[in-house]
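Engineer: Mind having a look at this structure? Questions to follow.
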Amino acid sequence: SQQGEEDPQALSIQEGENATMNCSYKTSINNLQWYRQNSGRGLVHLILIRSNEREKHSGRLRVTLDTSKKSSSLLITASRAADTASYFCATAARITGANSKLTFGKGITLSVRP
Amino acid sequence: DTGVSQDPRHKITKRGQNVTFRCDPISEHNRLYWYRQTLGQGPEFLTYFQNEAQLEKSRLLSDRFSAERPKGSFSTLEIQRTEQGDSAMYLCASSPTGFHGYTFGSGTRLTVV
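Going down the list, the sequences are from chains A and B. Residue numbers for the first sequence follow the numbering used here, so the first one is -1 and each next one is one higher. Residue numbers for the second sequence follow the numbering used here, so the first one is 617 and each next one is one higher.
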């Protein structure tokens, strides 16, 4: 079963704009992660946020976590055409710990127009 | 170390045949995971290992599926008596213990005809 639900399912923006993607989940988590997948390829880890953290930054990425609402958001600033990909949120359940299996959402398709 | 390697990249097989996939994780990573992904969906968990011990198997993993990691290094995933519903991308990932993301391989795309 898939725990995370990303929103929107698809997003199309102009190069240079910011892209915001949201993820909601159902059960208590140990950590939440975001991944990127280019068409037909494996996934690439972007950022991990622990359940006791509220915000993290990595380059042009900013992720927030609200455990009371069971939701997270990923912001990509100053988007580039190369950011075109599918983005997935994934959660590790609190009960099984940091390195337990990740449960992925269905993903968001981001298109960045040049 | 060049990352997680999966072999083969593509496999076309006839229904009823057995197939085996191989995954070579990053050598320092003691955790290894198998996922399956179909078009338009996120990866679905199949099983994972810590060193050579298989710690969890999904209910998706029917008795036709078996995975091994005999010496805590590479892993194999075998599907016996393949069915058309097994057609998917099979992804392998590895990680060290602690708060780390996974490193994924490029996947093996299986087509059952």
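Quick reminder that beta carbons are idealized off the backbone N, C-alpha and C, glycines included. These figures come from a predicted structure and were not determined experimentally.
May I have the straight-line CA-CA distance separating Q622 of chain B from S722 of chain B, to the nearest angstrom?
Structural biologist: Distance between the alpha carbons of Q622 of chain B and S722 of chain B: 7 Å.
Engineer: Are E694 of chain B and S710 of chain B closer than 7 Å when you measure CB to CB?
Structural biologist: Going by C-beta atoms, E694 of chain B is not nearer than 7 Å to S710 of chain B.
Engineer: State buried or exposed for N29 of chain A, treating a residue as buried only when at least 16 other CB atoms are found within 10 Å of its CB.
Structural biologist: So N29 of chain A counts as buried.
Engineer: Report the rounded CA-to-CA distance for V635 of chain B versus V620 of chain B, giving the unit in angstroms.
Structural biologist: Between V635 of chain B and V620 of chain B, the C-alpha separation is close to 20 Å.
Engineer: Could you give the residue range of the beta strand (DSSP E) that holds E684 of chain B?
Structural biologist: First-last of the beta strand (DSSP E) with E684 of chain B: 681 to 684.
Engineer: If we count the other Cβ atoms within 10 Å of its Cβ and call it buried at 16 or more, is A83 of chain A buried or exposed?
Structural biologist: A83 of chain A comes out buried.
Engineer: In chain A, what lies closer than 7 Å to Q670 of chain B by C-beta?
Structural biologist: The premise fails here: Q670 of chain B is roughly 12 Å from chain A at the closest Cβ pair, so nothing lies under 7 Å.
Engineer: May I ask which residues mark the beginning and end of the beta strand (DSSP E) holding I642 of chain B?
Structural biologist: Looking at the DSSP string, I642 of chain B is not in any beta strand (DSSP E), and its letter there is neither H nor E.
Engineer: Would you say R92 of chain A reaches chain B, if we count a Cβ-Cβ gap shorter than 7 Å as a contact?
Structural biologist: Cβ-Cβ to chain B under 7 Å: no for R92 of chain A.
Engineer: Answer yes or no: does any C-beta atom of chain B fall closer than 7 Å to that of Q31 of chain A?
Structural biologist: Answer yes: the Cβ-Cβ gap between Q31 of chain A and chain B drops below 7 Å somewhere.
Engineer: Using a Cβ cut-off of 7 Å (strictly closer), state whether F681 of chain B contacts chain A.
Structural biologist: Output row for F681 of chain B: interface = no.
Engineer: Can you check whether the C-beta of H55 of chain A is within less than 7 Å of a C-beta belonging to chain B?
Structural biologist: For H55 of chain A, the answer is no, since every Cβ of chain B falls outside 7 Å of its Cβ.
Engineer: Going along the chain, which residues of its own chain have a beta-carbon closer than 8 Å to the beta-carbon of S678 of chain B, five neighbours each way excluded?
Structural biologist: Same-chain partners within the cutoff: there are none.
Engineer: Alpha carbon to alpha carbon, how far is S109 of chain A from T65 of chain A?
Structural biologist: Straight-line Cα distance between these residues: approximately 29 Å.
Engineer: Cβ of H690 of chain B less than 7 Å from any chain A Cβ?
Structural biologist: Inspection of the sequence shows that residue 690 of chain B is occupied by Phe rather than by His. Chain A, which has no Cβ nearer than 7 Å to the Cβ of F690 of chain B, makes this no.
Engineer: For a cutoff of 7 Å on Cβ pairs, would you count Y706 of chain B as touching chain A?
Structural biologist: Y706 of chain B does not count as touching chain A.
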